[in-house]
Structure formats: structure tokens, C-alpha cells
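Below is one structure, written out as C-alpha cells; comments come after it.
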Amino acid sequence: NAGVTQTPKFQVLKTGQSMTLQCAQDMNHNSMYWYRQDPGMGLRLIYYSASEGTTDKGEVPNGYNVSRLNKREFSLRLESAAPSQTSVYFCASREGSGAGNWPQHFGDGTRLSIL
Amino acid sequence: SQQGEEDPQALSIQEGENATMNCSYKTSINNLQWYRQNSGRGLVHLILIRSNEREKHSGRLRVTLDTSKKSSSLLITASRAADTASYFCAANNAGGTSYGKLTFGQGTILTVHP
Numbered sequence: 001n002a003g004v005t006q007t008p009k010f011q012v013l014k015t016g017q018s019m020t021l022q023c024a025q026d027m028n029h030n031s032m033y034w035y036r037q038d039p040g041m042g043l044r045l046i047y048y049s050a051s052e053g054t055t056d057k058g059e060v061p062n063g064y065n066v067s068r069l070n071k072r073e074f075s076l077r078l079e080s081a082a083p084s085q086t087s088v089y090f091c092a093s094r095e096g097s098g099a100g101n102w103p104q105h106f107g108d109g110t111r112l113s114i115l
Numbered sequence: 001s002q003q004g005e006e007d008p009q010a011l012s013i014q015e016g017e018n019a020t021m022n023c024s025y026k027t028s029i030n031n032l033q034w035y036r037q038n039s040g041r042g043l044v045h046l047i048l049i050r051s052n053e054r055e056k057h058s059g060r061l062r063v064t065l066d067t068s069k070k071s072s073s074l075l076i077t078a079s080r081a082a083d084t085a086s087y088f089c090a091a092n093n094a095g096g097t098s099y100g101k102l103t104f105g106q107g108t109i110l111t112v113h114p
């Protein structure tokens with residue numbers, strides 16, 4: 001079982017370039033999440049999707065957009081990359097869509113550097 | 001802002017010793033979760049404790065939750081070199097619109113020396 005798959009694993013961009021980070025899960029989970037992790041810090045929520053067809057902002061949404069393409073896939077787009085967006089990005093999924101007690105399952109991350 | 005605060009930030013022990021990590025949070029929760037992150041990898045779920053539970057065990061892991069103090073602790077008994085990793089607590093805030101959103105602590109870096 002693959003679980004949560006993120007592509008690419010590494011990427012270097014120049015300031016102002018755009019790119020899309022891809023995430024797919026094969027566990028038939030309803031909820032999906034995008035986080036960023038900066039050195040010495042925990043994860044901060046960028047956007048989430050409680051169910052297919054819905055998306056909502058998290059703690060640090062500025063500079064990002066998301067698309068819940070279908071139940072399996074949730075992509076994160078940087079329209080005009082900035083050096084402050086250099087980070088490791090994690091996608092996660094969760095079985096339920098409401099306020100229940102389910103853990104999240106994480107991918108291995110995309111390491112993004114913006115020069 | 002980060003809701004969770006973890007203590008200590010780093011912990012270095014010998015194999016066979018116990019490791020205890022503490023976490024505090026600020027708002028009411030549905031549950032509190034602990035995750036492990038090995039270097040260069042994603043987070044792996046270890047244990048989830050519900051707001052109405054006080055203690056939970058899973059193998060060598062023991063988690064306690066004190067909602068009156070808004071705090072939790074993770075105990076790893078008889079540690080092994082393979083337990084070397086970063087450990088994060090994550091609070092699932094209460095409320096109908098929480099949608100499972102987690103607020104993470106800054107993590108504890110555990111090093112277990114053989």
C-alpha cells in the first residue's frame with residue numbers, strides 16, 4: 001500500500017516562478033491537508049479539504065491555492081514563488097470528514113527551495 | 001501561532017532508559033495525537049488519546065492527558081537506538097468545524113545512544 005504519495009520530492013525554483021505540488025492517497029480518505037514545516041518548528045496548516053469538492057484556509061494560506069481534483073488527489077499551487085516559501089511541504093489524509101477521532105496519514109514531503 | 005508547546009526541545013539518553021516528553025495546549029480539544037518523524041521523512045502516527053481518556057498504552061508507549069492542566073505526556077520505555085527521531089504532539093481542537101485540523105507543537109528531538 002502506497003498510502004500518501006507526494007510529487008516531486010525535491011524542487012528548486014526561482015523567485016516569481018509557479019509550480020504545483022501533487023498529492024494522492026489510496027486509502028479512500030475523505031479529508032486531506034497541506035502543511036509546511038520550517039526548521040525548528042512544527043507543522044503549520046496551509047489549506048485543507050474536509051471532503052471532495054470543498055476546500056478551506058488554514059493558518060498560513062497566503063501565497064497558495066489548492067484544488068481537490070477528486071477524492072484521491074489534492075494539489076497545492078504556488079502562483080508566484082517567494083523565498084519565504086522555502087520549506088518542506090507535507091500532505092496528509094484522514095478517514096473522516098467531521099470532528100471524529102481519526103489520525104492523519106502523511107506523505108514523505110516535498111523539499112522546496114526558492115532562490 | 002503554535003498552540004502546542006513541547007518540553008524538552010531536545011533529549012539525549014542511553015539505550016534502555018525511559019524517555020518522557022511533555023506537551024501543553026491552549027484550547028479545548030477533541031483529542032490529542034502524538035507523531036514521530038524520522039530525519040527526512042514524513043510524520044508517522046503513534047497514538048491518539050481522546051479528551052475523555054486519561055491514559056493510553058501502545059506497546060512501549062504510554063500517553064497521559066490532563067485536560068484540567070491542558071497537558072499531555074509521552075513516555076517511551078526501554079528506549080532503543082531506533083527510537084531516535086523527532087516527536088510531535090498535535091491538538092485536534094474541539095468544535096463542529098474543526099474538520100480534524102491539527103495544531104502541532106514544535107517537537108522534541110530524541111537521541112538514543114547505543
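Quick mapping for you: the protein sequence lines, in order, are chains A and B. Residues 1 to 115 (the numbering used here) make up the first sequence, in order. Residues 1 to 114 (the numbering used here) make up the second sequence, in order. Virtual Cβ for every residue (Gly too), placed ideally from N, Cα, C. Because the structure is a prediction, the values reported are computed rather than measured.
Between A/Met27 and chain B, the shortest Cβ-Cβ separation is not below 9 Å.
Taking C-alpha positions only, B/Cys23 is separated from B/Glu5 by approximately 5 Å. The Cβ atoms of B/Asn18 and B/Ala85 do not sit closer than 9 Å to each other. Inclusion of A/Val4 and A/Leu112 in the CB contact set at 9 Å is not warranted, their separation being larger than that value. With contacts defined by Cβ atoms closer than 9 Å, A/His105 and A/Gln22 do not form a contacting pair.
Identification of residues in the stretch 99–114 of chain B having a C-beta nearer than 7 Å to some C-beta of chain A yields Tyr99, Gly100, Lys101, Leu102, Phe104, Gly105, Gln106, Gly107, given in sequence order. Note on geometry: alpha-carbon atoms of A/Asn101 and A/Gly58 lie some 19 Å from one another.
Taking 9 Å as the threshold, the shortest C-beta distance from B/Ala90 to chain A falls below it.
Contact check for A/Leu45 and B/Lys101: beta-carbon distance about 6 Å, within the 8 Å limit, so the pair qualifies. As the crow flies, the alpha-carbon of B/Ile76 is around 44 Å from that of A/Thr15.
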